[in-house]
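K.L.:
Supplied in structure tokens, the structure appears directly below.
Protein chains: 2
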Amino acid sequence: MTIYRDLDTSARILLGPGPSMVPPRVLGAMAHPLVGHLDPQFITVMDEVQELLRFVFQTQNRLTIPVSGTGSAGMEASLCNFIEPGDSVLIAVNGYFGERLCDMAGRYGADVHRLDRPWGEVFTVEEIEKALREKPAKLVAIVNAETSTGAWQPMEGISDVVHRQGGLLVMDCVTSLGGMPVKVDAWDIDVAYSGTQKCLGCPPGLSPLTVSGRAIESLHQRKTKVANWYLDLTMVEKYWGDGRTYHHTAPISMNYALREALRLVYEEGLQARFERHRINAELLWNGIESLGLRHYVSREYRLPSLTTVVVPENVDEVAIRRHLLDDFNIEIAGGLGPLKGRVWRIGLMGYSSSRENVTLLLEALKQLLGRQ
Amino acid sequence: MTIYRDLDTSARILLGPGPSMVPPRVLGAMAHPLVGHLDPQFITVMDEVQELLRFVFQTQNRLTIPVSGTGSAGMEASLCNFIEPGDSVLIAVNGYFGERLCDMAGRYGADVHRLDRPWGEVFTVEEIEKALREKPAKLVAIVNAETSTGAWQPMEGISDVVHRQGGLLVMDCVTSLGGMPVKVDAWDIDVAYSGTQKCLGCPPGLSPLTVSGRAIESLHQRKTKVANWYLDLTMVEKYWGDGRTYHHTAPISMNYALREALRLVYEEGLQARFERHRINAELLWNGIESLGLRHYVSREYRLPSLTTVVVPENVDEVAIRRHLLDDFNIEIAGGLGPLKGRVWRIGLMGYSSSRENVTLLLEALKQLLGRQ
Numbered sequence: 006m007t008i009y010r011d012l013d014t015s016a017r018i019l020l021g022p023g024p025s026m027v028p029p030r031v032l033g034a035m036a037h038p039l040v041g042h043l044d045p046q047f048i049t050v051m052d053e054v055q056e057l058l059r060f061v062f063q064t065q066n067r068l069t070i071p072v073s074g075t076g077s078a079g080m081e082a083s084l085c086n087f088i089e090p091g092d093s094v095l096i097a098v099n100g101y102f103g104e105r106l107c108d109m110a111g112r113y114g115a116d117v118h119r120l121d122r123p124w125g126e127v128f129t130v131e132e133i134e135k136a137l138r139e140k141p142a143k144l145v146a147i148v149n150a151e152t153s154t155g156a157w158q159p160m161e162g163i164s165d166v167v168h169r170q171g172g173l174l175v176m177d178c179v180t181s182l183g184g185m186p187v188k189v190d191a192w193d194i195d196v197a198y199s200g201t202q203k204c205l206g207c208p209p210g211l212s213p214l215t216v217s218g219r220a221i222e223s224l225h226q227r228k229t230k231v232a233n234w235y236l237d238l239t240m241v242e243k244y245w246g247d248g249r250t251y252h253h254t255a256p257i258s259m260n261y262a263l264r265e266a267l268r269l270v271y272e273e274g275l276q277a278r279f280e281r282h283r284i285n286a287e288l289l290w291n292g293i294e295s296l297g298l299r300h301y302v303s304r305e306y307r308l309p310s311l312t313t314v315v316v317p318e319n320v321d322e323v324a325i326r327r328h329l330l331d332d333f334n335i336e337i338a339g340g341l342g343p344l345k346g347r348v349w350r351i352g353l354m355g356y357s358s359s360r361e362n363v364t365l366l367l368e369a370l371k372q373l374l375g376r377q
Numbered sequence: 006m007t008i009y010r011d012l013d014t015s016a017r018i019l020l021g022p023g024p025s026m027v028p029p030r031v032l033g034a035m036a037h038p039l040v041g042h043l044d045p046q047f048i049t050v051m052d053e054v055q056e057l058l059r060f061v062f063q064t065q066n067r068l069t070i071p072v073s074g075t076g077s078a079g080m081e082a083s084l085c086n087f088i089e090p091g092d093s094v095l096i097a098v099n100g101y102f103g104e105r106l107c108d109m110a111g112r113y114g115a116d117v118h119r120l121d122r123p124w125g126e127v128f129t130v131e132e133i134e135k136a137l138r139e140k141p142a143k144l145v146a147i148v149n150a151e152t153s154t155g156a157w158q159p160m161e162g163i164s165d166v167v168h169r170q171g172g173l174l175v176m177d178c179v180t181s182l183g184g185m186p187v188k189v190d191a192w193d194i195d196v197a198y199s200g201t202q203k204c205l206g207c208p209p210g211l212s213p214l215t216v217s218g219r220a221i222e223s224l225h226q227r228k229t230k231v232a233n234w235y236l237d238l239t240m241v242e243k244y245w246g247d248g249r250t251y252h253h254t255a256p257i258s259m260n261y262a263l264r265e266a267l268r269l270v271y272e273e274g275l276q277a278r279f280e281r282h283r284i285n286a287e288l289l290w291n292g293i294e295s296l297g298l299r300h301y302v303s304r305e306y307r308l309p310s311l312t313t314v315v316v317p318e319n320v321d322e323v324a325i326r327r328h329l330l331d332d333f334n335i336e337i338a339g340g341l342g343p344l345k346g347r348v349w350r351i352g353l354m355g356y357s358s359s360r361e362n363v364t365l366l367l368e369a370l371k372q373l374l375g376r377q
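Protein chains in written order, with the working numbering: chain A, 6 to 377; chain B, 6 to 377.
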């Protein structure tokens, strides 16, 4: 008989692109015994999760829920519910997750048009307006915080040009929500999705999603069934709405965790939380420069939650990461796609964003780079 | 400012159709700090989860994994990966989840044919053979344990008639896996999916899935992309295979929980576990009859994990359930679809299947029914 030992993985210092570290209170919430997914007590939990998600998304949208899958499921829900075969879709691509949006939208029969920018750069409103003049789109998707590059996309003004030609605006805020301002209502976003495992400080497993009244109207006017059962919001909204109609069994323990993580965000306050993320990011950025390393993204568009550092010539980037993990118990990540081997990705998200973590990482990098 | 209190839901006695109660060791595993989804330590956890899933599915299938969603996501993964538009699909429908299979298959463009049986009854091999003679099918889907009716579908011989005409056999074992024999290899099943929250005693959030070599071959021979990104096994198999290629962030804590739940199954042993489920079910069945109540499914095809009891005339079925919950802290469920208001559904699954739970439920029912 094989011996399966007690779970004994390390309590890692998680400074990669997610999952980030999870506060003890959130871990404790998952150890709480379960109730059923239609139990009146769980309905209360659902209501509170919805309220707290609205708080962090800065929205009044009724349909604000956690999708029962990781961030990619939220991305797919944001597309499949609003695309019918043949619909024209514009996707702004300046990184790995823009590419993923194109792949997904294509699977739902969209006529996908790309607006490309080099990885690490961002788009102007004028560029998007011009692309829509050339080819109007029913849906426009853009990434507010590109986890593959660390670039921050300003959102002001984009919804105007999208709405003027009758489309919906979908925003990826997987790496920004809870770590910097995400103003769904002020920016007039129609659909925004995120993950729980980044700046919200909750384990991966759910995807916060918020949908505007305009987008719900579009959903209800579909001529075809949503081509995805699990993520079909016409059914999911009935479980999260007044009817509480059974669709799929909600992940109870993950919802306990998300409630506790959001409660921590609420207690800290959005402004204080954003300020903490900014201060620790600046500490990191200055330290990186002091080590003689270069940033991949210009300061103006740099995410406080995710920093990309250019790997110097003659440095073995994989070896540095292995030593960080083995000798210092710290996880950071390498690059994706064209940035593979060219950058390190350092996340300072949620509970991971602390002065002690930045200080330790900088000292560890100093020792490891000095040794090379 | 709204006050969000500490999580304080009851430790319910969960005797509905799932989620079932979760053993303390599994709850504890979720409180374990996280590592990253590409951490070598997590790769070991993944390997162990796969080994233990093969043990409980009684299979050697390499592609045996937890899908990152609840049981319904596993159901959808079992269809969308093996259906291309226009494919002929036969679905055996004798309950709510057979209906769901039809809905899902239709969304992927299948030419869906139904083989119907009254809810609570099961199919013979001859009936399936006859249906396939009339209309061959690339894929046949059937439910081994119908959670809506409590009926157990024997599987011997079905794969022969499906394979003889060149199709794949998909089996739903959401409510049987871990509670009664599920012999994927002996029954020559091509795709089987389950949930974690029933007889495996793990919270909802993942869906165990196993895929035969024959089905993988069919997957690799597709002419079109899988019409679902999140559940696309051509990509998911690369993360769970040797390459460990990033697809989506795995739900770390849920995998910790599943590993611990499966370790408990392994320690108890399959035969002992099935025997425990059977003994406690018989205790319930005899007790139900002693109370003068009728079973909905004939004894021969009754699931040990899920018992449907006919609500007597002049009894308020909702009131009984409310009193069970409010006065005895016990959850059972009502019926779905045509069985709404006509049956109670009592689950004895995983950790919930114990003599003390059956004894308490029978006494509570006796008191509540006597009062009416």
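From the three backbone atoms N, C-alpha and C, an ideal C-beta is built for every residue, glycine too.
1) Do you know whose CA, among B/A156, B/D13, B/F102 and B/I48, lies nearest B/L312's CA?
2) Where does the unbroken beta strand (DSSP E) through B/A78 begin, and where does it stop?
3) Between the C-alpha atoms of B/L298 and B/R307, what's the straight-line distance to the nearest angstrom?
4) Does B/G21 come within less than 7 Å of chain A when only Cβ atoms are used?
5) Using the C-alpha atoms, what's the distance from B/G172 back to A/T229?
6) Against chain A, with Cβ distances strictly below 7 Å, would B/L39 count as a contact?
7) For A/G355, would you say it is in contact with chain B, using Cβ-to-Cβ distances shorter than 7 Å as the test?
8) In chain A, what lies closer than 7 Å to B/Y235 by C-beta?
9) Starting from the beta carbon of A/A142, find every residue of chain B whose beta carbon is closer than 7 Å, and list them in chain order.
10) If the cut-off is 9 Å on Cβ atoms, which residues from the segment 243-264 of chain B count as contacting chain A, listed in chain order?
11) Taking the runs of the beta strand (DSSP E) that are 3 residues or longer, which of them lie wholly in the segment 191-272 of chain A?
12) Check the C-beta distance from A/L211 over to A/V40 and give it rounded, since I have them as a contact under 8 Å.
13) Would you kindly check if the distance between the Cβ of B/G100 and the Cβ of B/L205 is under 7 Å?
14) Check the Cβ-Cβ distances between B/Y9 and every residue of chain A, and say whether any is below 7 Å.
15) Between the C-alpha atoms of A/L385 and B/D11, what's the straight-line distance to the nearest angstrom?
16) Just to confirm, are B/G248 and B/P22 a CB contact at a threshold of 7 Å?
17) Less than 7 Å between the C-beta atoms of A/D237 and A/A220, yes or no?
18) Among A/D331, A/Y301 and A/E265, which has the Cα closest to the Cα of A/P28?
19) For B/Q63 and chain A, any beta-carbon pair shorter than 7 Å?
20) From the DSSP output, in three-state form, read off B/D116 for me.
21) Between which two residues does the alpha helix (DSSP H) containing A/W2 stretch?
22) Keeping to the same chain, check which residues put their C-beta closer than 6 Å to that of B/D193; ignore five residues upstream and five downstream.
23) Using alpha carbons as the reference points, say which of A/G340, A/Y261 and A/P209 lies closest to A/M26.
24) Given this structure, state the Cα-to-Cα distance separating A/K243 from A/H300, to the nearest angstrom.
25) Taking all protein chains shown into account, do 16 or more other C-beta atoms lie within 10 angstroms of the C-beta of A/G200, making it buried, or fewer, making it exposed?
26) Within 10 Å of its beta-carbon, does A/I3 have 16 or more other beta-carbons around it, so buried, or fewer, so exposed?
27) Mind checking which residues open and close the alpha helix (DSSP H) that includes A/V50?
28) Nearest-angstrom Cα distance between A/L296 and A/V316?
29) Name the chain A residues whose beta carbon is nearer than 9 Å to that of B/R17?
30) According to the Cβ coordinates, are B/D177 and B/T64 closer than 7 Å?
31) Following the continuous beta strand (DSSP E) through A/L68, name the residue where it begins and the one where it ends.
32) Under 7 Å, do B/Y235 and A/A78 count as touching if we go by C-beta distance?
33) Below 7 Å CB to CB, which residues in the same chain sit around A/V166 once its five sequence neighbours on both sides are set aside?
34) Which full runs of the beta strand (DSSP E) of 3+ residues lie inside the segment 293-375 of chain A, going along the chain?
35) Less than 7 Å between the beta carbons of B/T75 and A/H253, yes or no?
36) Where do the ends of the beta strand (DSSP E) carrying A/I96 lie?
P.N.:
With the structure as the only source:
1) It is Thr, not Leu, that sits at residue 312 of chain B in the sequence shown. Among B/A156, B/D13, B/F102 and B/I48, the Cα nearest to that of B/T312 is on B/A156.
2) For B/A78, no beta strand (DSSP E) segment is defined; the enclosing uninterrupted segment is the alpha helix (DSSP H) at G76 to C85.
3) Those two C-alpha atoms are separated by around 15 Å.
4) Yes, because at least one Cβ of chain A sits closer than 7 Å to the Cβ of B/G21.
5) When the Cα atoms are used, A/T229 and B/G172 turn out to be separated by approximately 28 Å.
6) Judged by the 7 Å Cβ criterion, B/L39 is in contact with chain A.
7) Contact of A/G355 with chain B is not assigned, every C-beta pair being separated by 7 Å or more.
8) Within 7 Å Cβ-Cβ: G74, S77, A78 and E81.
9) Ordered by position in chain B, no residue passes the 7 Å Cβ test against A/A142, which lies about 20 Å from the chain.
10) Answer set for the segment 243-264 of chain B: Y251, H252, H253, T254, A255, P256, I257, S258, M259, Y261, A262 and R264.
11) For the segment 191-272 of chain A, whole beta strand (DSSP E) runs of length 3 or above, ordered along the chain, are 196-198 and 212-216.
12) Contact annotation, A/L211 with A/V40: C-beta distance approximately 17 Å; criterion of less than 8 Å not satisfied.
13) Result no, Cβ atoms of B/L205 and B/G100 do not sit closer than 7 Å.
14) Interface residue, yes.
15) Outside the shown range of chain A, which is 6 to 377, sits residue 385 of chain A, and nothing can be said about it.
16) For B/G248 and B/P22, no; Cβs fall outside 7 Å.
17) No, these two residues do not count as a Cβ contact at 7 Å.
18) It is A/E265.
19) Interface criterion not met: the Cβ of B/Q63 is under 7 Å from no Cβ in chain A.
20) In the three-state scheme derived from DSSP, where H, G and I count as helix and E and B as strand, B/D116 is classed as strand.
21) Nothing about residue 2 of chain A can be reported from this structure: the residues present for chain A run from 6 to 377 only.
22) If we look at B/D193 and ignore the five residues flanking it on each side, its Cβ neighbours are S164.
23) Closest by alpha carbon: A/P209.
24) In this model, A/K243 and A/H300 are separated by some 46 Å (Cα to Cα).
25) Buried: at least 16 other Cβ atoms inside 10 Å.
26) No information on residue 3 of chain A is available, as it lies outside the stretch 6 to 377 that chain A covers here.
27) In the DSSP annotation of this structure, the continuous segment of the alpha helix (DSSP H) that includes A/V50 starts and ends at P45 to F62.
28) Computed Cα separation, rounded: 12 Å.
29) Within 9 Å Cβ-Cβ: P38, L39, V40, G41, D44 and Q46.
30) Result no, Cβ atoms of B/D177 and B/T64 do not sit closer than 7 Å.
31) From DSSP, the beta strand (DSSP E) with A/L68 extends over L68 to V72.
32) Yes, the Cβ-Cβ distance between B/Y235 and A/A78 is below 7 Å.
33) Closer than 7 Å at the Cβ level, and outside the excluded window around A/V166, lie V130, I133, E134 and L137.
34) Listed in chain order, the complete beta strand (DSSP E) runs (minimum 3 residues) inside the segment 293-375 of chain A are 311-315 and 348-352.
35) In this structure, the beta-carbon distance from B/T75 to A/H253 falls below 7 Å.
36) First-last of the beta strand (DSSP E) with A/I96: S93 to V98.
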